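One structure is given here, and the rest of the page talks about it.
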Amino acid sequence: MTLAGVRGKRGFDPAALGALALSGSNFLRMGVQLAMLPILARLVGPSEYGLVALAVPFVLFCNMLADAGMSQALARRQDVTPELESTVFWLAGGLGLALSAFACVAAWPLALVLDQPRLPWLIMALSPILVMSGLTAVSNARVIREGRFGVFAGGDFISTAASAAVALTAALNGAGAWSLVFQQLTLWACKFTWVNLNARPKIRLYFRPSEVRDLVRFGVHSIGSNLSDFVSRNVDNMIVGGVLGTVALGYYAMAYQIVRVPDLIISGPLYLYVFTAVSRAAHDGARGKAADLAVSALRLSSAVLAPTFVGLAIISPVAVALVLGEKWHAAAPVLTHLTAAGFGFAHCFVMGAILMGLGRSHLQLRMTALAGVTTIGTIAVTARFGVETASMAIGGAVLLIMLGYLEVLARDLKIARLRLAGAFAPAGLGVTAMAGALWTAGPLLSGLAPPLRLAATIGLGGLVYGAVVLALARRRLADDARVFARAHAKAPAAAPASPLPEAG
3 MTLAGVRGKR GFDPAALGAL ALSGSNFLRM GVQLAMLPIL ARLVGPSEYG LVALAVPFVL
63 FCNMLADAGM SQALARRQDV TPELESTVFW LAGGLGLALS AFACVAAWPL ALVLDQPRLP
123 WLIMALSPIL VMSGLTAVSN ARVIREGRFG VFAGGDFIST AASAAVALTA ALNGAGAWSL
183 VFQQLTLWAC KFTWVNLNAR PKIRLYFRPS EVRDLVRFGV HSIGSNLSDF VSRNVDNMIV
243 GGVLGTVALG YYAMAYQIVR VPDLIISGPL YLYVFTAVSR AAHDGARGKA ADLAVSALRL
303 SSAVLAPTFV GLAIISPVAV ALVLGEKWHA AAPVLTHLTA AGFGFAHCFV MGAILMGLGR
363 SHLQLRMTAL AGVTTIGTIA VTARFGVETA SMAIGGAVLL IMLGYLEVLA RDLKIARLRL
423 AGAFAPAGLG VTAMAGALWT AGPLLSGLAP PLRLAATIGL GGLVYGAVVL ALARRRLADD
483 ARVFARAHAK APAAAPASPL PEAG
């Protein structure tokens with residue numbers, strides 16, 4: 003996004019600056035995590051890492067239900083009262099507490115099924131995350147609705163620094179898997195404190211379920227889509243661990259975590275920015291404007307994500323050995339194959355933001371359900387053939403899901419399919435030129451020491467890609483950024499003084 007693109011008629015677009023700040027904080031956060039990754043990988047080891055990879059998905063699965071999907075529904079509303087926020091706060095907090103108790107009870111039979119006797123204690127220790135998540139629902143919605151994404155940026159950076167320090171201290175003292183559990187607890191506690199202090203929701207002793215009936219209807223679809231998305235991203239861990247063991251799962255989980263780094267840095271802030279802009283366009287009834295936003299979002303996201311994931315696939319053999327150490331060498335081919343899944347998931351995430359911003363939660367539910375069924379079926383069939391085969395199959399399956407998202411988006415917005423597909427053209431031409439240049443320079447680069455080879459590959463690839471994309475689509479990308487700046491120029495409606503009537 004260019005600097006000119008974030009200017010509105012009255013100066014800089016605060017939402018764009020907030021999204022950029024969130025991307026910047028995510029970049030710093032990922033930098034800290036990447037710096038920690040080889041240290042924790044060497045101190046903890048694949049087996050302990052794989053054990054935590056079984057516990058965390060279960061807790062995050064319960065977390066999908068913690069706010070009944072009302073957080074995103076509340077963020078989409080342009081007119082919110084203190085009474086409505088109070089009802090959501092108490093309802094979401096109660097659900098979080100109930101889910102925390104459920105996780106503690108369900109951990110024991112889950113451990114028997116997976117034959118991991120240490121698993122229940124890890125899940126019980128992680129269960130407070132569910133309470134904190136529920137009690138933050140209103141604050142998250144308020145920050146998103148107001149476009150103050152810089153709040154999330156500050157919270158991410160503080161929580162990452164604190165959790166990294168805790169994890170490192172625990173790992174150096176031989177805590178093993180518990181060092182990763184302490185890391186998660188610290189991360190969520192810092193986010194909970196920071197977001198609630200900055201959002202300052204006006205919570206009262208007020209609870210009326212009729213106030214949130216329309217939000218719950220939207221939220222049911224949102225929960226369904228979130229659960230399906232979670233399944234498509236996490237149940238594969240349990241299948242790989244159950245079929246191939248914790249060591250293979252350690253390789254798979256490590257590779258998947260690396261693949262998620264670009265997704266978290268770029269797609270997360272872009273999701274909030276796209277969701278808010280499309281929501282405002284939808285409230286204005288401007289379908290043509292929403293269509294322009296959809297095309298611009300895909301062109302901007304692909305321009306950044308395509309070279310990232312293609313480049314990661316190219317450098318993975320050298321990067322894994324250099325950064326993680328020789329005992330992780332088997333993770334390199336897994337990482338190469340999973341970059342296709344990372345690219346697909348990131349764009350499904352962006353298109354999901356468009357559908358949710360349009361209020362098409364039912365379509366998002368259908369697509370995430372399809373993604374969940376497809377990925378579970380794929381990993382269940384291919385896991386027995388080894389972790390490399392399974393990761394390759396998952397990459398292909400996610401790319402097919404992305405094509406399905408494009409079809410649904412084209413139909414709903416009545417956009418020509420070629421127009422949507424054309425949004426990927428600048429990125430496609432750029433990565434083709436980048437891959438060709440690196441293949442040609444391969445014999446020269448192979449003679450360098452691994453650190454120099456890695457740096458030279460990244461530098462050459464980035465230089466070629468940037469030159470091609472700027473030459474072909476510089477003005478178009480700047481125009482895309484301006485489309486979003488104009489969409490965010492309209493401020494959200496002020497909350498009325500009295501409670502709202504029930505929505506139809």
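In this text, residue positions in the sequence shown follow our numbering: the first is 3, and each later residue adds one.
No residue lacks a Cβ here, since even glycine has one placed at the ideal position from N, Cα and C.
This one's a predicted model, so the numbers in the text were calculated from it and none came from an experiment.
Item	Value
Should residue 183 go down as buried or exposed, given a rule of 16 or more other Cβ atoms within 10 Å for buried?	buried
Mapping the DSSP letters down to three states, classify residue 448 as helix, strand or coil.	coil
Do residue 238 and residue 485 come within 8 Å of each other at the CB atom, strictly closer than that value?	no
Let me know the secondary structure DSSP gives residue 510 once reduced to three states.	In this structure the chain extends from 3 to 506, so residue 510 is not present and cannot be described.
With 16 as the cutoff for other CB atoms within 10 Å, does residue 142 come out buried or exposed?	buried
Among the candidates 474, 478, 46 and 432, whose CA atom is the shortest distance from the CA of residue 462?	432
To which residues of the same chain is residue 178 closer than 7 Å at the C-beta, ignoring the five residues directly before and after it?	46 and 50
Thinking C-alpha only, which one of 320, 475 and 483 is nearest residue 458?	320
Alpha carbon to alpha carbon, how far is residue 128 from residue 104? Give it in angstroms, no decimals.	12 Å
By the three-class DSSP mapping on this structure, what secondary structure does residue 254 have?	helix
Spatial neighbours of residue 253 within its chain, please: C-beta separation below 8 Å, excluding the five flanking residues on both sides.	48, 330, 332, 333, 336 and 389
Rounding to the nearest angstrom, what Cα-Cα distance links residue 53 and residue 126 in this structure?	14 Å
Sorted by chain position, which residues of the same chain lie with C-beta nearer than 7 Å to residue 109's C-beta, five sequence neighbours on each side aside?	121, 122, 125 and 126
Where residue 172 and residue 282 are concerned, what is the direct C-alpha to C-alpha distance, given to the nearest angstrom?	46 Å
Taking the C-alpha atoms as reference points, what is the distance between residue 88 and residue 149?	21 Å
Over what stretch of residues does the alpha helix (DSSP H) that includes residue 117 continue unbroken?	Per DSSP, residue 117 belongs to no alpha helix (DSSP H) and is neither H nor E.
DSSP on residue 163, reduced to helix/strand/coil?	helix
Go ahead and label residue 161 buried or exposed: buried means 16 or more other beta carbons lie within 10 angstroms of its beta carbon, across all protein chains shown.	buried
According to the Cβ coordinates, are residue 68 and residue 42 closer than 8 Å?	no
By a C-beta neighbour count over all protein chains shown, 10 Å radius and 16 as the cutoff for buried, is residue 482 buried or exposed?	buried
Is residue 68 helix, strand or coil when you go by DSSP?	coil
Between residue 131 and residue 190, how many whole angstroms is the CB-CB distance? I'm expecting something under 8 Å.	5 Å
Using the C-alpha atoms, what's the distance from residue 471 back to residue 401?	23 Å
Taking C-alpha atoms, which residue in 66, 72 and 147 lies nearest to residue 81?	147
When the Cα atoms are used, what is the spatial distance from residue 202 to residue 210?	21 Å
Which two residues bound the contiguous alpha helix (DSSP H) that contains residue 175?	Premise fails: residue 175 is in no alpha helix (DSSP H) and is neither H nor E.
Whose C-beta lies closer than 8 Å to the C-beta of residue 284 among residues of the same chain, with five residues either side of it excluded?	292, 359, 360 and 361
Please go through the same chain and pick out, in chain order, the residues whose beta-carbon is closer than 7 Å to the beta-carbon of residue 57, but skip the five residues on each side of it.	121, 124, 125 and 128
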